[in-house]
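Written below as structure tokens is the structure these notes are about.
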Amino acid sequence: MSSLAVAEPRAPRAASRSPGTGPPRSGGERRRNASDTAQDAQLRSVDLDHVIKLLEGLDSKDLEIEQLKTLKKVVKHFENGIPLKDLEQIIKILNLCSEKIKEQETFTEPLCELIKLFGLPFQKKKSSDEVKYSTAVSKSIAQLGYLMRVPSSQVRIQICKCVVNFYKMELPGKLLSGYQPTSANYKIQMAELGGLAETLVLSLALVENQLTEKLWVLKALQHLSSSGENCRLMMKAQAASRLCLYLNAPDPSGQLVFRSSHILWNLLENASKEEVVNQLSSLECVHALKEVFVDALHGFRHCDHQLRNDLLVIATLLAENPAVPLVESGFAKLLIVLATFNEVKIPNPLVKGLKLTYSYEDFEMKKLLFNIIGVLRKNPSAAQLLRESDVMPALLYYVKPNQKPGFYDWSAAQYEELQLHAIAVLAAVASVLIDKYLSCQANTLLLVFLEWCIGQDPFFAQGNSFHGTGGRGNKLAQMRYSLRVLRSVASIYDDAVNLNLCDQGAISQLLEVLRYAANKSKRKEDAILLEIQADTLFILSVLCEKDLHRKELFSYEGIGILIPFLKMDPKELYSGLGHSYLLFSALDCVWSCIIGCYIAEDHFLEKQGIFLLLDLLALKEKNLCNIILRILVEFCGNPKTTLHINTWRGEKAQTAASLLIQLWREEELELGVRRDQYGRIVDMKRPIASSFQRQQKVIPVPASCPSFAIMEISENMRAKLYSLFCKLGFENLPGLSTEDFVTLAIIRRYIDFKVGEVWSEICAELKEEFKPIASDEDALESISKVSEDTGKAVNALQTQLIESQLHQEIQEDNQTYRKIRATHKQREMINKSWENFLTRTSTYEALKKAKKHQEKAIEASRSKLKTQTGAFHSTNIEGLHTTYGSFIDDLRVYVRGGTGGMGYPRLGGEGGRGGDVWFVAKERITLKGIKEKYPHKRFVAGTGANSSVKALKGEKGKDCEVHVPPGISLVLDDGKQIGELNAAGERFLAARGGLGGSLATNFLPCKGQKRIIHLDLKLIADVGLVGFPNAGKSSLLSKISHAKPEIASYAFTTIQPQLGKIIYADYKQISVADLPGLIEGAHVNRGMGHKFLKHVERTKQLLLVVDISGFQLSIKTQFRTPFETILLLTKELELYKEELVTKPALLAINKMDLPCAKDNLNELMSQLQNPQDFLHLLEEEMIPANTLQFKEVIPISTYTGEGIEELKAYIRKSIYEEAEQENEEYRKNKLQLLRTSQEEKINRR
């Protein structure tokens, strides 16, 4: 037996008190606690099982009194909440009391008190109790709904109040000891689980005639309908139809309609809209909605206007279902009249006395009415009402420029939103009301409106609404929806509409719209502009599709506008903004507006349109390929097209024929056509059958129904590719490989193979249904054999092509092998010559003597360097210690001086002179930077100011200053040098501005001077590295400086000049330039010789780098010894410019780490000491007129580092000596000038 007595929670423990405080409790508090304890003991004696048995006892007067007393005790005990464990017994007590009310009304009050307890939070001991007792609680709450059967208004109202309290739980004054209240949403969840909402909906039938009870039930349902699960349960009880019938029930307070509409709105939001609409689709419900709407329409309260708009939303949902009797009930006609009466100003009894207040609710109603017109167009019976009404004039009322609002009480933003909404609805209904559309001259209004949209009239759109998206501060939203209207009427392909548009000049005006939108897209591209352009192209396609004259009219301006769309960046197709839709519209426009008109086709070809189509085809987008191939096939009817197709070249010089064949192979791969590894035919009977065709069984079809073989032609690209090759021809196609020719053999016989497939299907069908006679069977076998023989012939041709290719590859391999053998033989001859040389010089005494001589020469060449204390020639150029990538040393630019200003003939005023173009040398500027900053390479000075009354002498135009790096030579196209800029700050006048208008020029301005100038950069460095390829110049530069040039074991590793700095321990710096390797014939610009040799001119000294093992550029060129290498380098420098040979020079002998390097060095040193004794061994053209005089010869190894420090020291010494020499010559010249000036002064005296 469960105990109902629950003790009060214990008093909190008293806080510690300081000495001297009074007793913790007073006498009154002790008495009160004693009373509570006694009360708890009394409550603890209440037994619910005993109460249940007591209520089940036989009725008598004494027993009734005892029962009522006991019920009061129970209510008193649970006044702070019912524990979850006792809830089931409490429900039994409720049910027993409800049965007794039928005979004894005295139980009504206890029953209501017990029901009231359900409005308090349930009590739980543990958190798990909510789950543990969930089934019992849900059933108990469901029983509350069943108690609605009790024929007592007081009980029913108390049940509804209890349900309302579920949603605003208030904690009791006291909490039971050891218990805590359940979570706030627990009762709501249990109500959903117990189906309370469905029960209350069904109970509405019990309170049909009791208004107060009905309102309380609806109030409870208002709260319950906020849950999706409750709405689903309510829909099972047909809540929507029941509530709809209550909308127009009599109610002086007006609460019935608002509560019912609120519940309906919740059902639409939280339940299935289709199910709600189905329940409201009866004629009785529609009549009820209409009556309530009419009452709300004439109401003046704010709540009436809100109710009216809510009902309009419900009516819109009903209108989407054609089965709803909106037309039969007259509701549709009322809505149409209400939507249009304020625009057409035609009296109608349905809206008599109705006036808009232009409040926000009226504004929303207007939009909802426009929207419902767009929905009604889908209903055939409602569409007839639209035709008979004034919908079209009312919507066209808004198709006009927004100079002044149409209704003076609408704000500018509201009117704009209404206008856009009306035009959007017009786009929806125009195709349905096409007769009305034409009779109202809608095309004329729309074209005038579009003209205003692209005009310059000042208009600032608000762009606040859904339809105004992207239209803030412009007229793009108006243009967008106007074009949607034209698109909708054009898409029905009605000749009368199209003729009406063309007669009013729609083609030229649409081209203006297209140009306007295209120009806008260049500045800022968004989805709205893309949609405008795509819609315009579609409308033009429809208008021009079947009319030659219109195509010709389009071609004059349209092709120039259309071409940029075909140049779209392929990446933009996946942007999601609508670029793909725009491109498809452009291709459709090519098909409809150009093909079929020779004038348009020729103009398209002149604009290289075929090239652009092939560029798009090369993207290999499946959807694009089908359309483009279709266009190309039709274009080939023009004889000029074939030449354009054959001229096109794609990536890696791919030809159009190669691209088409590649598309064919990819299509066959996708279709599952069987081919071997070389692309040859495998199935001789069905060479081009796809995997889908092979899987199909024989199904007899009527003669009018296409078979699989015929259907396949229209479903893939192969038929179009074959048609295109038939136009281009199969012979003399450029740029094809053997693999392409193998595939081309199949393409050439495509139609034969396709005919064979059709015959094989016919044979299979005949054998399936009939048994052919012998002669017919022989004929069918002969036909099948012809197709098979064709496949075998093509296979044989393919095999022949492949074998020919293999034979050619073998021949090329043999030729390469012969070249390798020749190279190997040449190397053997070189090695043999070296061995002979060793044999000749292997005498011990001679070698010993040469060794001593070499050691003395090396020792003598080594300078005893001392610390430099004098002035040092600094070449500290910023940035020279790093390597420069993508080096540019020549740039061709266009310069033009500014045009002069206009003169003023009346007052003799002179216009200002045009600005000048100046080149100014500045540090940290590169030609590459100029090219990147000014990609057009055009420099134009400012125009001079015109003469005016305020300033008779016009101001000079703004000068244009172009910063260039120091070391620039300015050269004209004819090779004439017109100036140099060698130091920062130097200036050169490149183009002079034109004179202003004056009396001498009849007050007309003169144009400025214009030139094309080459900016030729010659590097300024202290030392220039000169040598043949692979001599080790880059390695040397990386060893002596911080530069990081590319280093590799092959010739021409350095393909552009590299700069670096040698930084010494005392922070002295010397700049070094690594120039790309020279070859024989560099002086005549062989191997870009001039491009590299010109940099040698600006270096102060030369450092020749020579490979000790000699040099050979390739197997086709002759091997050169180190001595021959030095003479050849000297000869190339001399032939380019003789002054180069007079520059101070050092010689670095590299790769001393190689075997026999020392012997080679000894031989070279002897040759350099007496060069005249060895010149007879060389060809005459190799001998220079003057040999270079080397200050030092330094053997080095960039691999081991040998001699690197000595080389750096010699470079510094040489530079220092040259600087000292220059300073000495400068001092001598100054002294000589001083003496000369003094002598002149003496002579004058």
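If you use our numbering, the sequence shown corresponds to residues 26 to 1270, in order. For every residue, glycine included, the Cβ atom is placed at its ideal position computed from N, Cα and C.
In the DSSP assignment, Trp943 falls within the unbroken beta strand (DSSP E) covering 942–946. Every candidate beta strand (DSSP E) stretch fails here, since none sits fully inside the segment 402–431 while reaching 3 residues.
Each residue's CA atom was taken as its position, placing Ala542 and Leu654 some 29 angstroms apart.
A straight-line Cα-Cα distance of about 51 angstroms links Tyr192 and Leu421. Leu1258 and Asn1175 do not touch by the CB rule: their CB atoms are close to 46 angstroms apart, not below 8 angstroms. Within the same chain, and ignoring the five residues on either side of Pro595 in sequence, the residues whose Cβ sits closer than 6 angstroms to its Cβ are Leu644.
The residue among Ser286, Lys1125, Lys547, Glu476 with its C-alpha nearest the C-alpha of Gly530 is Glu476. When only Cα atoms are considered, Lys97 and Glu113 end up about 18 angstroms apart. Bounds of the beta strand (DSSP E) holding Ile1038 are 1035–1042. Annotation for Asn295: Gly253, Cys256 place their beta carbon closer than 6 angstroms to its own, counting only its chain and skipping 5 residues before and after.
Every alpha helix (DSSP H) of 4 residues or more that sits fully in the segment 318–365 is shown, in chain order, as 327–344, 351–354.
Taking a cut-off of 8 angstroms on C-beta distances, the segment 1025–1040 does not touch the segment 1149–1168, as fewer than three cross pairs fall below it. Taking 7 angstroms as the cut-off, the Cβ atoms of Ile213 and Ser250 do not count as close. Inclusion of Leu227 and Ala265 in the CB contact set at 7 angstroms is not warranted, their separation being larger than that value. Under the three-state reduction of DSSP output, Ser250 falls in the coil class, being neither helix nor strand. In the DSSP assignment, Asp111 falls outside any alpha helix (DSSP H), carrying neither H nor E. Between the C-alpha atoms of Asp708 and Leu649 there is a straight-line separation of about 31 angstroms. Cβ-Cβ distances below 6 angstroms link Pro712 to Ile706, Phe778, Gly816 in the same chain, with the five nearest sequence neighbours on each side left out; the list follows chain order. Judged by their CB atoms, Thr1150 and Gly1019 are not nearer to each other than the 7 angstroms cut-off. Straight-line spacing of the CA atoms in Asp941 and Gly922 works out to 5 angstroms.
The beta carbons of Gly969 and Gly954 sit no closer together than 7 angstroms. Here Gln679 carries a coil assignment [DSSP, helix/strand/coil]. Here the C-alpha atom of Leu608 lies approximately 19 angstroms from the C-alpha atom of Phe660.
Separation of the CB atoms of Ser285 and Val349 is rounded to 19 angstroms, and the pair is thereby denied contact status at 8 angstroms. Note that the C-beta distance between Thr763 and Gln720 is not below 7 angstroms. Here Asn273 is buried: its Cβ has 16 or more other Cβ atoms, across all protein chains shown, within 10 Å. Check the Cα spacing between Ser159 and each of Tyr211, Cys137, Lys199: the tightest is with Tyr211. Ala559 has its alpha-carbon roughly 24 angstroms from the corresponding atom of Gly399.
Comparing alpha carbon positions, the residue from Ala1025, His1039, Cys985, Leu578 closest to Gly1000 is His1039. Lys547 places its beta carbon 7 angstroms or farther from that of Leu554. Take Trp435, set aside five residues on each side of it, and the residues of its chain with a beta-carbon closer than 8 angstroms to its own are Tyr383, Phe388, Leu443, in chain order.
Fully contained in the segment 258–290 are the following alpha helix (DSSP H) runs of length 4 or more, in chain order: 264–271.
As summarised for the segment 574–599, there are no continuous alpha helix (DSSP H) elements at least 4 residues long confined to that stretch.
Each residue's CA atom was taken as its position, placing Gly675 and Ile656 some 19 angstroms apart. Judged by their CB atoms, Ser163 and Leu246 are not nearer to each other than the 7 angstroms cut-off. Pro206 is bridged by DSSP to Gln148.
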